[in-house]
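Take the sequence shown: its position 68, counted from the start at 1, is 83 in my numbering, and no numbers get skipped.
Below is one structure, written out as structure tokens; comments come after it.
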Amino acid sequence: MKFNKILLAAAMTSVLAISATSCSDDYAELNQNPANVSKADPKGLMTQAILNFQPNDYLIWYYNNKYYSRWTQMGVPTNSYDSEFTTVAETGGQGSQYISTLKYRNEIRLYIQNTGDESQRGYEAACTALTVYLGIFDSDIYGALPYTEACRYKTDGILTPKYDMVDELYDTWLTELDECIAIFQRSDIENSVTQDIAYAGDWKKWAKFANSLKLKIAVRLLAQNKDKAISIANAVASSSVGYIDSMEDDLRFCKATEAKSGSEDYVYGTGNGLTNMGLSANVCDFLLKSLDPRVRFIYTKNAFNSKVVQGFIDNKKWDKVPDCIKANVVLDDQGNFKEWGGLGEPWVRYYGLPIIINGRNNPDYTQYFSYGTDYNLPAGDSEKGYYPFSLQQEEMKRGKVDFTVPTVGINVIQDTDNNPLYTMYLTAAEVNLYLAELKLLGANLPQSAEYYYNRGVRFSVETYDALAAANKIPYYGTTYDYDKNEVSIELKKGELDAMMATDNVKLTGTKAEQLEKVYLQELIHFSLQIDDQFVTARRSGYPSYTSTLLPMVRFAEVVPEAIPRRFEFGKPSKTEKMYENTLEAYEKQGFKTLGSGNSGPVYNMTGTALNTERLWQDIGAPQWGTPKN
């Protein structure tokens with residue numbers, strides 16, 4: 016299985032590219048023990064770990080996104096939901112990403128062991144904190160991982176590392192994070208401003224990151240050990256090192272500003288296109304009713320600007336314009352476009368796709384899904400097509416995207432600039448929303464749930480605005496001078512206060528109603544962190560089938576119990592060195608054998624198993640759409 020092969024390779028890996036050795040005419044150096052890394056550069060190793068730290072990479076967006084988004088109903092495929100709603104195909108990347116940083120951590124640890132240079136401990140601790148983040152990310156959908164014995168072939172000769180169970184992993188990571196915090200506070204550790212592209216050598220910020228990271232573990236413990244989760248939250252809030260509570264402390268950065276040979280994926284995220292997912296109508300309605308500016312940063316404007324609308328009128332195709340768009344168009348006495356109604360630009364340019372199985376084949380929904388033929392206008396000797404709905408904003412995921420302004424006729428206005436990708440990982444928004452959630456669940460925190468919640472929501476909007484600006488997404492700060500009715504999308508004065516005052520957002524009501532608002536804000540905030548979005552929906556039961564804020568749609572054909580709760584595990588081969596360890600891990604997690612294959616037992620290779628078997632941290636969590644609070 017691919018996952019095991021990656022782990023085996025990682026167990027044997029040694030750092031070649033960034034071990035900074037120098038040439039010498041002294042032939043005596045050839046007689047040194049090649050296992051000793053006496054000339055490695057821990058600063059360079061940490062830099063390489065940061066460069067390889069990318070949980071939401073191309074493969075995650077291309078493969079996992081189409082499952083995560085539809086299971087949580089936060090997104091709709093542009094051809095509507097189909098029979099694949101409850102199935103899982105090959106996933107990309109996730110499950111072994113922690114190896115990309117763990118190997119560098121262990122290399123630095125080996126260097127310190129061989130040299131006795133304790134001043135390098137900060138770089139080791141930084142790599143450890145990044146590895147814990149990715150370990151949480153990987154265990155979210157695969158459970159047990161080889162961790163404590165992984166990447167230790169050079170030091171201990173381990174070729175077949177044992178799997179650590181999820182509860183063991185959480186305990187290990189909490190201990191490691193405490194050790195990291197202690198190291199970051201030492202006065203004898205070296206720092207590098209230039210090679211620390213995450214925090215510019217600021218160990219105080221690294222300590223806040225490590226402390227805050229415990230909250231990601233805490234919320235994942237709620238279904239299994241609520242008391243422990245609450246205890247972690249109390250410790251985080253009272254720690255002398257503090258936690259991420261400002262945008263300046265966010266783990267949010269760009270890996271490079273200039274592309275050189277072989278480095279484009281570091282700079283732009285990826286040069287490959289991603290699978291398009293549309294904004295769901297339910298989420299769209301919630302965001303618009305909330306006056307939430309994030310709809311403009313997370314999703315695209317549709318193609319129906321006022322000139323395009325007028326183009327349909329001029330070409331006698333007004334009847335082809337979708338009803339949802341017509342509802343926000345004000346015509347003059349001659350039947351021409353006069354102005355936008357409703358909330359006006361830019362709000363009226365955001366539309367979601369309905370949540371329905373096989374909607375493209377349903378005549379009642381063709382206006383949403385038949386965009387390939389119905390929404391065309393002549394452009395010289397050919398035609399241009401116009402889509403009526405909003406897509407996930409691709410330029411918030413990768414920096415190499417060309418944007419073409421919707422124009423009528425042969426006019427072409429393009430933005431073809433490639434921009435370095437700025438990405439968020441752990442932010443003040445996420446941390447404060449966790450604290451709000453845990454406060455409502457009983458944590459003894461110094462501030463009210465409303466205090467943390469308001470900070471979390473505000474930080475989220477401001478962070479998305481900052482990312483949209485940094486990533487230079489379409490219409491941010493510009494209208495391209497094409498349509499006089501076009502409005503740019505950057506955060507405007509007073510918008511955040513207006514949003515916080517809406518009934519959808521204001522933290523009022525019963526404890527259960529307040530918790531729902533917290534969870535919904537977490538879901539929205541995680542629109543660019545789809546694993547966290549999926550985990551939040553899975554552990555909370557929101558969106559809820561009975562919600563009056565953001566309801567989950569109940570399909571007649573699909574019961575909640577049929578929606579997968581994790582991804583599949585591959586069939587281990589008897590020829591793999593990790594075969595016995597893998598089988599043992601499956602059995603310890605309670606996964607059932609579903610028959611036998613040529614290479615041995617087959618585990619969890621059908622959707623049925625994925626719907627019924629839960630990872631350890633998911634046991635006791637509510638069913639999809641049915642929260643327990």
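Backbone N, C-alpha and C define an ideal beta-carbon position, used for all residues, glycine too.
Taking the alpha-carbon positions, what's the residue i to residue j distance?
i    : j    : result
F327 : W362 : 21 Å
D334 : K521 : 40 Å
T28  : I114 : Residue placement at T28 is poorly supported in this model, since its pLDDT is 42, which falls under 50; the coordinates still yield a value, given next. Cα to Cα, the separation comes out at about 10 Å.
T93  : I371 : 12 Å
N644 : M262 : 31 Å
A250 : C269 : 31 Å
L145 : N519 : 35 Å
Q604 : I75  : 25 Å
D242 : G635 : 14 Å
A483 : V256 : 30 Å
G585 : N377 : 36 Å
G357 : N343 : 5 Å
G524 : L564 : 13 Å
S558 : K499 : For clarity, residue 558 is Pro in the given sequence; the question names Ser instead. Approximately 38 Å between the Cα atoms of the pair.
Y157 : Y281 : 26 Å
S321 : G110 : 46 Å
V324 : D348 : 16 Å
V298 : Q536 : 11 Å
V416 : K275 : 18 Å
I196 : S254 : 10 Å
D217 : A296 : 43 Å
A624 : Y390 : 42 Å
N46  : Y126 : For N46, the predicted model reports a pLDDT of 35, less than 50, meaning its position is unreliable; a value from the coordinates is still stated below. In a straight line, the C-alpha of N46 is about 18 Å away from that of Y126.
V234 : P70  : 19 Å
L530 : P637 : 14 Å
D41  : A213 : Below a pLDDT of 50, predicted positions are generally treated as unreliable, and D41, at 33, falls in that range; the measurement from the model is reported next regardless. Spanning the two alpha carbons is a distance of roughly 38 Å.
Can you check whether the CB of residue j is closer than 7 Å to the CB of residue i?
i    : j    : result
M514 : S305 : yes
Y383 : L406 : no
V533 : Y466 : no
T209 : P435 : no
Y148 : A64  : no
K58  : S207 : yes
A577 : T101 : yes
V476 : L448 : no
D182 : W631 : yes
V550 : D155 : yes
V91  : Y258 : no
A252 : L455 : no
G108 : Y283 : no
Y77  : T388 : no
K229 : I247 : yes
I425 : G395 : yes
I545 : R311 : no
Which same chain residues, not among the five before or five after residue i, have their C-beta less than 7 Å away from its C-beta?
i    : result
E279 : G286
N67  : S115 and T116
A451 : A464, Y467, Y468, G471 and V533
I539 : R309
Q548 : Y83, T87, M89, L538, F541 and S542
Y560 : P566, M567, R569, G640 and T641
D338 : Q382
Considering only residues of the same chain and omitting the five flanking positions on each side of residue i, which have a CB-CB separation below 8 Å?
i    : result
D633 : A238, R553, R554, R580 and R581
F404 : T93, G293, L294, N317, Y366, G367, L368, Y383 and Y386
T478 : M262, D265, R267, M439, T442, A443 and A444
W355 : S321, N343, V344, V345, V363 and N500
N9   : Residue 9 is absent from the model: the chain starts at 16 and stops at 644.
Residues in its own chain within less than 6 Å of residue i by CB, not counting five upstream and five downstream?
i    : result
V502 : E360 and P361
T641 : G556
I204 : S134, R136 and G137
V649 : Outside the modelled stretch of the chain, which goes from 16 to 644, sits residue 649, for which no answer is possible.
*Which whole runs of the alpha helix (DSSP H) in the segment 281-340 are 4 residues long or more, in chain order?*
296-304, 309-313 and 321-329
*In chain order, each beta strand (DSSP E) run of at least 3 residues that lies wholly inside the segment 365-446*: 391-394, 397-400 and 437-441
_Would the segment 484-491 count as touching the segment 406-418 if we require 3 or more Cβ pairs under 8 Å?_
yes
*Entirely enclosed alpha helix (DSSP H) segments - the segment 485-569, minimum 4 residues*: 510-515, 526-540 and 545-555
*asked:* Would you call the segment 132-147 in contact with the segment 164-171, where contact means no fewer than 3 C-beta pairs closer than 8 Å?
replied: no
*Check whether the segment 434-442 touches the segment 492-499, taking contact to mean three or more Cβ pairs, one atom from each stretch, closer than 8 Å.*
no
*asked:* Quick test of the definition: if touching needs 3 or more C-beta pairs under 8 Å, does the segment 219-236 touch the segment 184-202?
replied: yes
*Which runs of the alpha helix (DSSP H), 4 residues or longer, sit entirely within the segment 99-161?*
114-130 and 136-157
*In chain order, which alpha helix (DSSP H) runs of at least 4 residues are fully inside the segment 202-290?*
218-236, 241-253 and 279-283
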